[in-house]
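In order, the protein sequences belong to chains A and B.
Going left to right, the first sequence walks through residues 11 to 232 as my numbering numbers them.
Going left to right, the second sequence walks through residues 3 to 248 as my numbering numbers them.
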Amino acid sequence: MGAPHGHRLHFQGHSPVHQAPAHLKIAFLVSFMLVVVATPVPWLAAFAAYAAVLAVLVALSGVPALYLARRLVIETPVLAFAVLLPFIATGPTVDLLGLSLSRPGLVAGGGLVVKATLGVLASLLLAATTEPRDLLAGLERLRVPSQLVQIMGFMVRYLDVVSDELRRMKTARESRGFTARDPRHWPVIGRSAGALFIRSFERGERVHLAMISRGYDGTVRR
Amino acid sequence: MTTPVLDLQSVAFAYPDGHQALFGVDLHVHRGERVAVLGPNGAGKTTLVLHLNGILLPGRGTVSVSGLPVVKENLAEIRRRVGIVFQDPDDQLFMGSVREDVAFGPRNLGIRGAELDRRVMSALDMVGMADFADRPPHHLSFGQRRRVAVATVLVMEPEIIVLDEPSSNLDPASRRELADVLTALDVTLMMVTHDLPYALQLCPRAVVLSDGIVAAQGRTLDILTDDALMKSHRLELPYGFDPHTC
Chain A
11 MGAPHGHRLH FQGHSPVHQA PAHLKIAFLV SFMLVVVATP VPWLAAFAAY
61 AAVLAVLVAL SGVPALYLAR RLVIETPVLA FAVLLPFIAT GPTVDLLGLS
111 LSRPGLVAGG GLVVKATLGV LASLLLAATT EPRDLLAGLE RLRVPSQLVQ
161 IMGFMVRYLD VVSDELRRMK TARESRGFTA RDPRHWPVIG RSAGALFIRS
211 FERGERVHLA MISRGYDGTV RR
Chain B
3 MTTPVLDLQS VAFAYPDGHQ ALFGVDLHVH RGERVAVLGP NGAGKTTLVL
53 HLNGILLPGR GTVSVSGLPV VKENLAEIRR RVGIVFQDPD DQLFMGSVRE
103 DVAFGPRNLG IRGAELDRRV MSALDMVGMA DFADRPPHHL SFGQRRRVAV
153 ATVLVMEPEI IVLDEPSSNL DPASRRELAD VLTALDVTLM MVTHDLPYAL
203 QLCPRAVVLS DGIVAAQGRT LDILTDDALM KSHRLELPYG FDPHTC
């Protein structure tokens, strides 16, 4: 019984990066991302500097590079889109390995990959060095509307409950001989997702009942 | 006689879809009593529970708690007086840590600071969970979560605690631990359950709810040993259990 301790993205540690106040880390992450996104693609030196800053922070935090690299997989859809860009964009073309590629497409695709990787890496570092609870407290200190922070709090609380439910449904499906191999099986997955949505929705209603039973009137008091 | 803690008079209720769940329930619970509400699935037990703190308001009839009628204007006070422990502790525990969760109710009552800490820790102490105050609820075992759910209600210092299926999904050791906790509490208690041995162990008095009315009430032992009554309301003792030898 009992869920695994800590959060899946969190890497336990006591480095200066772990101990920095959460609101400062969030503010830094947001400014860092804005600066990265606003930097024109040809300024290669600037990107090298950003990467160096991140590398120093990662080294300081003691989070293994491989740990972060494995979680970078989340970026895949962006990469797929970036690879497509040189093929679908218009404008002057260059020949590369016998393929005719759009020059602006190559630049945009490359820029996308670099910016996305820097942003995702910085976010992963924040997640790895900050407990979800501290993250919420940090958002609150940054005056993010309390309703939003509440919703995120519920998400953190119920993520495990819902993913457990999802896993049990998967086990139940597979126990009856089902494995999703090709697109003909997708409707079954779709119906499972629907069932999970209904279950989660009903749980939301029960949680709300339990809250008003304890005097909740729309504001969580601190 | 003194004012009952719980006083239901011919409470009838139909859901908006037309399904009528309660057909005139009369029920009184006095201070210090421990009452089990027994009944088959679909007898209206959960609907009844939701009437006790005004989540549902009766279509006909009245509910009052220590003389205070359950109507919209009184809901805040009613919800302090009646503590409901729901069946699934994951529904009841929604904050980031056990301490914050137990503090949720009293905070809504405007309690702060040292008094809040004192009440939270004393409630956790009563259920034997004081050492877990700073753990997130989803890191606890199911039995521990149910005990914390009881603490979230105890901390309101209610006049009556209502438990919906308290023993469901508990392993025998957790079930016994919860029984120990509940026995040690000095409160009026009502529990809705299918677990007839548990009802006999914890509640001297039982009420049989069947088809939306109170079909019988009396000493729990008398009810569990009335074979004709038990049979006519789809109540069955577990195999091998003999109430006489308990």
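From the three backbone atoms N, C-alpha and C, an ideal C-beta is built for every residue, glycine too.
Quantities reported herein were computed from a predicted structural model and do not represent experimental measurements.
With respect to L211(B), L50(B) sits close: the two C-beta atoms are nearer than 8 Å.
By the Cβ test, the stretch 158-174 of chain A is not in contact with the stretch 86-104 of chain A, since fewer than three Cβ pairs between them sit closer than 8 Å. In the structure shown, P114(A) adopts helical secondary structure according to DSSP, grouped into three states. The Cβ of T154(B) sits closer than 8 Å to at least one Cβ of chain A. Here A48(A) is exposed: its Cβ has fewer than 16 other Cβ atoms, across all protein chains shown, within 10 Å.
Scanning F38(A), T229(A), F42(A) and R209(A) for the CA closest to the CA of Q157(A) turns up T229(A).
By the rule that beta-carbons nearer than 8 Å mark a contact, M158(B) touches chain A. G120(A) and M43(A) have their C-alpha atoms roughly 17 Å apart. Rounded to whole angstroms, Q219(B) and G242(B) show a C-alpha spacing of 24 Å.
A distance below 8 Å between beta-carbons, with the five flanking residues on each side excluded, links T103(A) to the following residues of its chain, in chain order: S110, L111, S112 and R113. Note that the stretch 18-37 of chain A touches the stretch 139-151 of chain A; at least 3 beta-carbon pairs, one per stretch, sit closer than 8 Å. Under the Cβ criterion (8 Å, minimum of three pairs), the stretch 32-48 of chain B counts as touching the stretch 196-211 of chain B. Of all residues in the stretch 133-145 of chain A, the ones placed with a Cβ closer than 8 Å to any Cβ belonging to chain B are P142 and R143, in chain order.
In the structure shown, I113(B) adopts coil according to DSSP, grouped into three states.
Contact between R36(B) and P160(B) is absent: CB atoms are separated by about 14 Å, not below the 8 Å threshold. One finds S223 in chain A with Cβ atoms closer than 7 Å to the Cβ of I86(B), taken in chain order. In terms of CA proximity to Q160(A), F96(B) leads the group V152(B), V150(B), H140(B) and F96(B). Between T64(B) and D103(B) the beta-carbon gap is near 33 Å, outside 8 Å, which marks them as no contact. R213 and R216: these are the residues of the stretch 195-216 of chain A whose beta carbon lies less than 7 Å from some beta carbon of chain B, given in chain order. Between F15(B) and G61(B) a beta carbon distance of about 5 Å is seen, short of the 8 Å cut, so the two are scored as contacting. With a cutoff of 8 Å on beta-carbon distance, D28(B) and V216(B) are scored as near each other. Contact check for L76(A) and L131(A): beta-carbon distance about 13 Å, past the 8 Å limit, so the pair fails to qualify.
In this model, Y17(B) and G26(B) are separated by some 14 Å (Cα to Cα). Note on geometry: alpha-carbon atoms of R191(A) and D166(B) lie some 43 Å from one another. Not a single C-beta of chain A is nearer than 8 Å to the C-beta of R178(B). Just so you know, the alpha carbons of G69(B) and V7(B) end up roughly 7 Å apart. Under the 8 Å criterion on CB atoms, Q94(B) is classed as interfacial with respect to chain A.
In the three-state reduction of the DSSP assignment, R120(B) falls in the helix class.
For the stretch 105-118 of chain B, the set of residues with a beta-carbon nearer than 7 Å to any beta-carbon of chain A comprises F106, G107, R109, N110 and L111, in chain order.
Rounded to whole angstroms, the separation of the alpha carbons of L82(A) and G101(A) is 31 Å.
Take the alpha-carbon of V84(B) and the one of L111(B): they are about 14 Å apart. Membership of G26(B) in the beta strand (DSSP E) is indicated by the continuous run Q22 to V31. Inclusion of L180(B) and P245(B) in the CB contact set at 8 Å is not warranted, their separation being larger than that value.
At least 8 Å separates the beta-carbon of F211(A) from that of V198(A). At least one CB of chain B lies nearer than 8 Å to the CB of F164(A). When C-alpha distances from D93(B) are compared across L239(B), P199(B), D229(B) and A151(B), the shortest belongs to A151(B).
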